[in-house]
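Have a look at the structure below before the remarks.
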Amino acid sequence: MSASKPKPPTHWILGSFKRADKCLAAIRALRVSGEKENLDIYSAYPLHGAEAALGLKRSKVPLIVLCCAIFGAFNGYTVQTWANATSVSSLSGEWLGSLRGYILDVGGRTAHAWPLNIPITFELGVLISAFGAVLGMLIINGLPRLHHPVFEVEAFRSAQIDRYWISVTTKDDLKREQLREQLAQLGAEDISTVEEGADE
Amino acid sequence: MSAAAAHTPVPEHLREAPLIEGPQSDRTLTDSILHPVWRDPGRGWWMALAVTSTFLGILVLCIAYLLLTGVGVWGNNSPVFWAFDIINFVWWVGIGHAGTLISAILLLFQQGWRTSINRFAEAMTLFAVICAAIYPGLHTGRPWFAAYWLVPIPNTMDIWPNFKSPLVWDVFAISTYFTVSLLFWYVGLIPDLATLRDASVSRTRRLVYGFFSLGWRGSARHWYNWKWAYLLLAGISTPLVLSVHTIVSFDFATSIIPGWHTTIFPPYFVAGAVFSGFAMVLSLLIPARHFMGLKHVLTMRHIDNMCKIILVTGWMVTFGYICEYFADWYSGSIYEVGQILVRMLGPYAWSFWLLVFCNCIVANLFWFRSMRRNLWVVWIVAALVNVGMWLERFVIIVVSLHRDFMPASWGMYYPTIIDIGMITGTMGLFGTAFLVFLKFVPAVALAEVKELRYETELQLQHAEEAH
């Protein structure tokens, strides 16, 4: 990166643990000594108690899914009613006319028969909420992402296999050494530092 | 097991078998589950692929011939306008249902044994739904025009789908089902793809798996949102899977044909779907666990549990038949009663009695523990259940249509060589997709098995401390 004002690089201090309980204990100790938002845990499966140890706020995914469900169901119902039970004659021409509904009279049934619109209303609610759950989760997590400082450490591969890693970030050069020592005292192994945005 | 239970030791023979056998660590689980992906697939895999891809080739030829000629190449004709195409469609969709049941409903019920079989079953769902979707698409005759009356595409011809038709509901149900199943499968797969990326030694694999793992790094913040997304997908998939076969059964139940016009269809279609789906999971799982060296995570306890589900759903299906025939008799309609008699005594009576044998009788072997533990018996019963469930759709569709109200319009149905080619062809498509899946992706959800191992370890620790 060739920014005109050089920003102070962020130091990522990483350490690994063999045992999950040691890892969680280390996170709690680091939180007591004042680190908060700059902490993270990495594990190969969802680690129980990690949210509590990190003090994470409630996930926004359920809210996104609820909004998507309402939006999808509303659209499903509206499209069906519009297409089969309305015909706005003022919509004409090649573009607007293609959107005009057509009152479909099959077997003399009433044009707007709401019980028959329920299956598709439900299906579209489900479809859009599934997209909401997956895309919402990815967007909140900042994924997909091509690169991340933690991947600079070769030993970090074990985070996806059998080890529990923690990371602490700081912009302060002095604090970096202090955090490294603190991690070592807490029993971390493979302690390494990555500078984000320094020279790439 | 609760902490209190540890005070009174459970006798050895009453203790539940573990879901992960042997002393395992996260490292050994990673190695053993990823082994089939890394290793050379071997002669057996290539030979199986040769067979399945031959049938896939036959499917492609049949479809090409059908599109060039017309749907007349199938045996459907007056009075049996729906035949193999719709039978196979319903059969394949039903098979898919076990995948969602395992991944979603058993997750909500916190059944630990779903963990090693869910990936497998979800993949089966995806491939089965693809096979299913081929049939109604082709049955429209000219699928490229069918888009106008299947989905609302703005056009100047004033053509819109008839949203009051269950066939249009089907389009939405099946496409939603496929999409949601794919998303569910992929979300579960992301962490395992990250493990594949980080456990691989070659650069190409690292890049490919790295691309598909979307940069997953296993952060606790990510896991937290992932868990919510996964749980919510399970929550919405549960009513979805029930709705899909319900809507499929509406294709029949909302009509007036004797043998179709019945309100019992939605629940018994769903039960039948789960019945055949679990049978298909077993048919695939028994050989796969043997050849892939996954017996420590796909244990006899998993197979035992699945056999019990087959037993239960088999009885649900049997109960459905009894209700259906009781309602037909009680209605006093000569057409409904006539339909029962035609099924039992008519020209297709063999299919009815074979169906009763396969669906109502054979599965009762699973009352016996020794039968549930004999893999040959389990495999053969599973195969017979799939035959039985195919015959059920044959009886409902062909037998109901071949003799309806007017004797003058009665007729027989015989499949053509293209019909036969297409059903074996979709089996080839299914098999090919499955073999490719087994080669490139871990067949067992690795992250979830590790989580299960960790939970079991914690429970044992608590039990020891309480002691």
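Sequence order for the protein chains is A and B. The numbers in the working numbering rise by one with no breaks, and the one at position 45 of the first sequence is 45. The numbers in the working numbering rise by one with no breaks, and the one at position 47 of the second sequence is 47. Note that beta-carbon positions come from the ideal geometry of N, C-alpha and C, so glycine has one too.
Helix, strand or coil at Trp91 (chain B) according to DSSP, with G and I counted as helix: The answer is helix: DSSP assigns Trp91 (chain B) an H, G or I state.
Enclosing beta strand (DSSP E) for Asp190 (chain A) [first to last residue]: Counting along the chain, the unbroken beta strand (DSSP E) around Asp190 (chain A) starts and ends at 189-196.
Secondary structure of Phe17 (chain A), DSSP reduced to three states: Strand at Phe17 (chain A).
Contacting positions in the region 4-27 of chain A - beta carbon closer than 8 angstroms to chain B: For the region 4-27 of chain A, which is checked against every Cβ of chain B, the residues closer than 8 angstroms are Ala20.
Cβ contact check for the region 161-175 of chain B and the region 112-130 of chain A: 3 or more pairs under 8 angstroms: Flag = yes, the region 161-175 of chain B and the region 112-130 of chain A touch.
For Ala151 (chain B), three-class secondary structure by DSSP: The question names Ala, yet the displayed sequence has Val at residue 151 (chain B). Assignment of Val151 (chain B) by DSSP, reduced to helix, strand and coil, places it in the coil class.
Closest residue to Arg43 (chain B) among B:Leu446, B:Leu435, B:Val441, B:Asn305 (Cα-Cα distance): With distances taken between Cα atoms, Arg43 (chain B) lies closest to B:Leu435.
Chain-ordered neighbours of His148 (chain A) on chain B, where CB pairs are closer than 8 angstroms: Ordered by position in chain B, the residues that pass the 8 angstroms Cβ test against His148 (chain A) are Gly215, Arg217.
Under 8 angstroms (Cβ pairs) to chain B, residues found in the region 128-153 of chain A: Cβ contacts with chain B come from Ser129, Ala130, Phe131, Ala133, Val134, Gly136, Met137, Leu138, Ile140, Asn141, Leu143, Pro144, Arg145, Leu146, His147, His148, Val150, Phe151.
Tyr42 (chain A): first and last residue of the uninterrupted beta strand (DSSP E) it sits in: Taken as a continuous stretch (DSSP letters only), the beta strand (DSSP E) holding Tyr42 (chain A) covers 39-42.
Neighbour-count burial assignment, Pro115 (chain A), 16 or more Cβ in a 10 Å radius: By the Cβ neighbour-count rule, Pro115 (chain A) is exposed, with fewer than 16 other Cβ atoms within 10 Å of its own.
For Ile102 (chain B), the nearest candidate out of B:Ala382, B:Met389, B:Ala234 (CA to CA): With distances taken between Cα atoms, Ile102 (chain B) lies closest to B:Ala234.
Residue nearest to Tyr454 (chain B) in terms of C-alpha spacing, selected from A:Tyr45, A:Phe17, A:Asp40, A:Lys36: Ranked by Cα distance from Tyr454 (chain B), the options A:Tyr45, A:Phe17, A:Asp40, A:Lys36 are led by A:Tyr45.
Through-space distance from Leu183 (chain B) to Ala229 (chain B), alpha-carbon basis: If you take the alpha carbons of Ala229 (chain B) and Leu183 (chain B), they lie about 10 angstroms apart.
Nearest to Val312 (chain B) (by Cα), restricted to the options B:Cys360, B:Met292, B:Val208: Comparing Cα positions, the closest option is B:Cys360.
Distance between beta carbons of Ile27 (chain A) and Ile13 (chain A), contact taken as under 8 angstroms: In this structure Ile13 (chain A) does not touch Ile27 (chain A) by the C-beta definition: roughly 13 angstroms separates them, more than the 8 angstroms allowed.
Contact set between Ile236 (chain B) and chain A, taken where Cβ atoms lie within less than 8 angstroms: Close to Ile236 (chain B), with beta-carbon spacing below 8 angstroms, are these residues of chain A in chain order: Val65, Ala69, Val126, Ser129, Ala130, Ala133.
Residues bridged to Ile166 (chain A) (per DSSP): Bridge partners of Ile166 (chain A): A:Gly15, A:Ile41.
Nearest-angstrom Cα separation, counted from Ser181 (chain B) out to Leu61 (chain B): A direct Cα-to-Cα measurement between Leu61 (chain B) and Ser181 (chain B) gives close to 29 angstroms.
Pairwise C-alpha distance: Met306 (chain B) and Ala494 (chain B): The requested residue 494 (chain B) is not part of the displayed model; chain B covers only 1 to 467.
Ser165 (chain B) - DSSP class collapsed to helix/strand/coil: Ser165 (chain B): coil per DSSP, three-state reduction.
Residues bridged to Asn77 (chain B) (per DSSP): In DSSP, Asn77 (chain B) forms a bridge with B:Val80.
Pick from B:Pro143, B:Val90, B:Ile20 that is closest to Ala64 (chain B), judged by C-alpha positions: Comparing Cα positions, the closest option is B:Pro143.
Proximity test, Cβ basis, 8 angstroms: Phe163 (chain B) and chain A: Answer yes: the Cβ-Cβ gap between Phe163 (chain B) and chain A drops below 8 angstroms somewhere.
Distance, Ile380 (chain B) Cα to Ile139 (chain A) Cα: About 47 angstroms.
Contact under 8 angstroms by Cβ, Ala133 (chain A) with Leu232 (chain B): Taking a C-beta distance under 8 angstroms as the contact criterion, Ala133 (chain A) and Leu232 (chain B) qualify as a contact pair.
Chain-ordered chain A contacts of Trp226 (chain B) [CB-CB under 8 angstroms]: Think of a sphere of 8 angstroms around the beta carbon of Trp226 (chain B): the chain A residues whose beta carbon falls inside it are Pro46, Met137, Asn141, in chain order.
Length of the line joining the Cα atoms of Met1 (chain B) and Leu460 (chain B): The predicted model places Met1 (chain B) with a pLDDT of 45, which falls under 50 and marks its position as unreliable, so this point remains unresolved.
Three-pair Cβ contact test at 8 angstroms for the region 28-42 of chain B versus the region 280-297 of chain B: Result yes; three or more Cβ-Cβ pairs closer than 8 angstroms.
Backbone secondary structure at Thr506 (chain B) - three-state DSSP: A query on residue 506 (chain B) cannot be resolved here, the shown segment of chain B reaching from 1 to 467 and no further.
Element boundaries [alpha helix (DSSP H), containing Tyr454 (chain B)]: Going by DSSP, Tyr454 (chain B) is part of the alpha helix (DSSP H) stretching over 446-466.
Pick from B:Val441, B:Ile86, B:Glu465, B:Ala447 that is closest to Phe120 (chain B), judged by C-alpha positions: Measuring from the Cα of Phe120 (chain B), the nearest candidate turns out to be B:Val441.
Any chain A beta carbon closer than 8 angstroms to Tyr330 (chain B): Cβ-Cβ to chain A under 8 angstroms: no for Tyr330 (chain B).
Partner residues on chain B for Ala83 (chain A), Cβ-Cβ distance less than 8 angstroms: Result: Pro152, Trp160, Pro161, Phe163.
Ordered list of alpha helix (DSSP H) runs contained in the region 198-231 of chain B, each at least 4 residues: Runs of the alpha helix (DSSP H) lying entirely within the region 198-231 of chain B and spanning at least 4 residues, in chain order: 203-212.
Short CB-CB distance (under 8 angstroms) between Leu104 (chain A) and chain B: With 8 angstroms as the cut-off, Leu104 (chain A) counts as an interface residue toward chain B.
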